[in-house]
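Chains A and B are the protein sequences, given in the same order. This note's numbering applies: residue 1422 is where the first sequence begins, and numbers increase by one. This note's numbering applies: residue 215 is where the second sequence begins, and numbers increase by one. Input: a single structure, listed below in structure tokens.
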Amino acid sequence: MPEGFNPTAVVVTLMLLAVTLVATYTAAKRTRTAADFWTAGGAISGRKNGIAIAGDFLSSASLLGISGLVFLTGMDGIVYAAIVCGIFLMVLFMMAEKLRNLGRFTFADALATRLQAGPVRIVSAISTLFICVFYLLAQMVAGGVLMEALTGIAFTWGVVVSAVLMLSYVLFGGMLATTWLQIIKAVSLMAVVGLLAILVLIRIDPNPLQVAHLASVQSALGDSYFASGNAYGSSLNIISMAVAVTLSAVGLPHVLMRFFTVPDAAQARKSAIWAISLIAVFNVLIIFLGLAARAALGDGGNAQAGAGGNLALPALAVFLGGGEGFGADLLLALVVAISIATLLAVSAGLVLSASSAVAHDLWSQAFRRPERQEIPVGRVAAVGIVLVTVGVTLLLGSGQNITFLSTLAVSIAASANFPVLIMTLIWRRMRTIGAVIGSLTGLISSLVLIVLGPLLWPTVAPLISDSLSVTAPFPLSFPILISMPLGFIGCIVGSLLSKEEIDDASFDELQVRALTGAGLDKDKVLSH
Amino acid sequence: MASTTTDTDWTRLWASPDMQALRRDRRAFFAVAWTLFGAGFTTLIGVSAFAKQTMGSEIVDGLSVGLVLALAYITIVMVVTFWYVQRARVWDAMAARAIAGTRFTSRAESADA
Chain A
1422 MPEGFNPTAV VVTLMLLAVT LVATYTAAKR TRTAADFWTA GGAISGRKNG IAIAGDFLSS
1482 ASLLGISGLV FLTGMDGIVY AAIVCGIFLM VLFMMAEKLR NLGRFTFADA LATRLQAGPV
1542 RIVSAISTLF ICVFYLLAQM VAGGVLMEAL TGIAFTWGVV VSAVLMLSYV LFGGMLATTW
1602 LQIIKAVSLM AVVGLLAILV LIRIDPNPLQ VAHLASVQSA LGDSYFASGN AYGSSLNIIS
1662 MAVAVTLSAV GLPHVLMRFF TVPDAAQARK SAIWAISLIA VFNVLIIFLG LAARAALGDG
1722 GNAQAGAGGN LALPALAVFL GGGEGFGADL LLALVVAISI ATLLAVSAGL VLSASSAVAH
1782 DLWSQAFRRP ERQEIPVGRV AAVGIVLVTV GVTLLLGSGQ NITFLSTLAV SIAASANFPV
1842 LIMTLIWRRM RTIGAVIGSL TGLISSLVLI VLGPLLWPTV APLISDSLSV TAPFPLSFPI
1902 LISMPLGFIG CIVGSLLSKE EIDDASFDEL QVRALTGAGL DKDKVLSH
Chain B
215 MASTTTDTDW TRLWASPDMQ ALRRDRRAFF AVAWTLFGAG FTTLIGVSAF AKQTMGSEIV
275 DGLSVGLVLA LAYITIVMVV TFWYVQRARV WDAMAARAIA GTRFTSRAES ADA
């Protein structure tokens, strides 16, 4: 890996960013109403939205993380990549069309069609803020580290520059700019990954199976390279990973929000299908590139790939470019530019979703202020959220292991939001108090189990008392196997204890509307 | 909100024959689709969790059992996705028929705002 300042990488990154800023400028001119700001006026086509969703999901964690995982651990990385392909099938089967038929800007809109709006919006906003801020922190820390390693820009500056860029997308262009940013990124990401895969076939071996075989020969793990358990260890940990990953998007607010940017359920369906297909193609290619990195770099590649294997793909790009010179620089620069654009795009989506929870769910709906105040309030909230995140990121610094942050975000989404949403959609006896208790149990149990789990406990225990064992009291990295059932139990117990009358008519209305789109507010489609 | 009354008789709509046909068709699809998906998921994760070495045995050079299972899982996901698309086109028509001729009074969020 070339150390220090890398001019080619910086130039290519700046060119890609220039394109996204032009898109933001164009989007800013078309963003006037609250509907424009939050959901691009509901006028994005299913195909574009699907590409944007794939863009959202194929973060630098997928690009660098999965290829690194395959590079380091072989089969566990492959299984992980395969499981990721099922994520949006869950969204398609359980959420996409029904949410589009019921909601306007946020998933809390769908809850409010049959439960009391005030309380459910407040708890949804709390969990949304937790999820977005934790996720954002993970992105910012990873981003600072990545910029430092790949372009030579100091961690602090990397974080500040990405915060300013990301805020400008959100503040000026709202959802339309964020969507275009995702589309530009997704398309360039697929192109780069495709190009690298072709180069592997040309430079290493035209037969993909031979590349895989070479990878196991080159790995120090030898025959165990293709056995499972190298990364996740115990059987229970493998199962909890698979369940957690599969259900990771059904409650993520910034992902659910994307389904409100299309005009109707048929387009929402199309979005999910595009997302599923692109993610599947991407993951098959990224498995291949991870194996190719091992085949090309051999076991000596461990040093180049870094501790977490995150730099395996950039190292492969350098190898494919001929090791040094302009070709290697250019391929590396492409990977760097895409990683940074990815990070900015995902962060912008998160900020938008968090500020929509503040401005739409809390300010205009729960506190009943006029809807026209949503954009200014949303902008103030966005600035506040980013300032807090940048502050915490700089305090944490680049040395921290932050994997627990994204695990935490995903666990809260699956344990606090998902049970409440699905029970509201399918269970006749669901009541407001059930939603409140379910959401809070899911949120609190995720937080507690992560602190007690192997990702965080070794850091936390010495802070409490020297005599505490650093062996985590809770064995699983992903707490979803426990916290999600607790979220469901919260919904059920809360609803059964509730004195609120069961409103059959409103449940029938929700079901009819969810399946047919009847009574859907079409105004925002016509306004564009 | 939940107590707001509307002119539309949603309960009658929900129980209408057209809606029941739609619900039956959806149930039939999801029963099979979830079973297929569940079978794929259980096989991949089951073997991965409980037969770790089996995952690594190579059928031919480079093609291990685990790789076949992973690719099979991705294929199942794609197959049920596209099968869903086909069924959903039929459901769109059935849903349109079920609510045809009904006038809707929009409530909830619009009444609330």
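Heads up, the beta-carbon is just placed ideally off N, CA and C, and yes, glycines get one too. Being a predicted model, the structure only gives us computed values, none of them experimental.
Residue range 1595 to 1624 is occupied by the alpha helix (DSSP H) that includes residue 1604/A. Beta-bridge annotation (DSSP): residue 278/B is paired with 272/B. Where residue 1544/A is concerned, the enclosing alpha helix (DSSP H) starts and stops at 1538 to 1572.
Counting every other CB atom within 10 Å of its CB across the protein chains shown gives residue 1470/A a total of 16 or more, marking it as buried.
Burial of residue 1535/A is indicated by the presence of at least 16 other C-beta atoms within 10 angstroms of its C-beta. The Cβ-Cβ distance between residue 316/B and residue 227/B falls below 9 Å. The beta carbon of residue 267/B falls within 9 Å of a beta carbon belonging to chain A, placing the residue at that interface.
Residue contact with chain B for residue 1630/A: present (Cβ-Cβ distance below 9 Å to some residue of chain B). Look at the beta carbons and you see the segment 1825 to 1839 of chain A touching the segment 1547 to 1557 of chain A: at least three pairs across the two are nearer than 8 Å. Residue 1889/A: not part of any alpha helix (DSSP H); DSSP gives it neither H nor E. Counting only residues of its own chain and dropping the five nearest sequence neighbours on each side, residue 1793/A has a CB closer than 8 Å to the CB of 1455. One Cα belongs to residue 1877/A, the other to residue 1656/A, and the distance between them is close to 21 Å.
With contacts defined as CB atoms closer than 9 Å, residue 1579/A and residue 1564/A qualify as a contacting pair.
Separation of residue 1647/A and residue 1546/A (C-alpha to C-alpha, rounded to the nearest whole angstrom) is 43 Å. The DSSP-derived three-state label of residue 1909/A is helix. Contact note: residue 309/B reaches chain A through 1936, 1937, using a C-beta cutoff of 7 Å and chain order.
Across the segment 1792 to 1804 of chain A, CB contacts with chain B closer than 9 Å involve 1792, in sequence order along the chain. Shown here, residue 1877/A sits in coil according to DSSP, grouped into three states, outside any helix or strand. With its beta carbon at least 9 Å from every one in chain A, residue 245/B lies outside the interface.
By the Cβ test, the segment 1724 to 1737 of chain A is in contact with the segment 1487 to 1502 of chain A, since at least three Cβ pairs between them sit closer than 8 Å. Contact of residue 299/B with chain A is assigned, a C-beta pair being separated by under 9 Å. Here residue 287/B really is in contact with residue 254/B; their C-beta atoms are around 5 Å apart, less than 8 Å. With contacts defined as CB atoms closer than 9 Å, residue 1512/A and residue 1676/A qualify as a contacting pair. Spatial neighbours of residue 1934/A in its own chain (CB-CB distance under 8 Å, excluding positions within 5 residues in sequence) are listed in chain order as 1522, 1523, 1534, 1940, 1941. Taking the Cβ atoms as the reference, residue 1800/A lies roughly 5 Å from residue 1592/A, within the contact range of under 8 Å.
With a minimum length of 4 residues, the unbroken runs of alpha helix (DSSP H) contained wholly in the segment 1633 to 1687 of chain A fall at 1656 to 1667, 1674 to 1679. Around residue 1781/A, no beta-carbon contact reaches into chain B at under 7 Å, the shortest distance being about 10 Å. Boundaries cannot be given for residue 1627/A, as no alpha helix (DSSP H) includes it and DSSP labels it neither H nor E. Spanning the alpha carbons of residue 1474/A and residue 1887/A requires a straight line of approximately 46 Å. Each of 1814/A, 1635/A, 1516/A was checked against the Cα of residue 1678/A, and the nearest Cα belongs to 1516/A. Separation of residue 1571/A and residue 1504/A (C-alpha to C-alpha, rounded to the nearest whole angstrom) is 29 Å. In the three-state DSSP reduction, residue 1928/A falls in the helix class (H, G or I).
Scanning chain A for C-beta atoms nearer than 8 Å to the C-beta of residue 294/B yields 1510, reported in chain order. Under the three-state reduction of DSSP output, residue 223/B falls in the coil class, being neither helix nor strand. Cβ proximity to chain B below 7 Å picks out 1496, 1499, 1500, 1503 from the segment 1481 to 1504 of chain A.
Chain A places no beta carbon closer than 9 Å to that of residue 238/B, leaving this residue out of the contacts.
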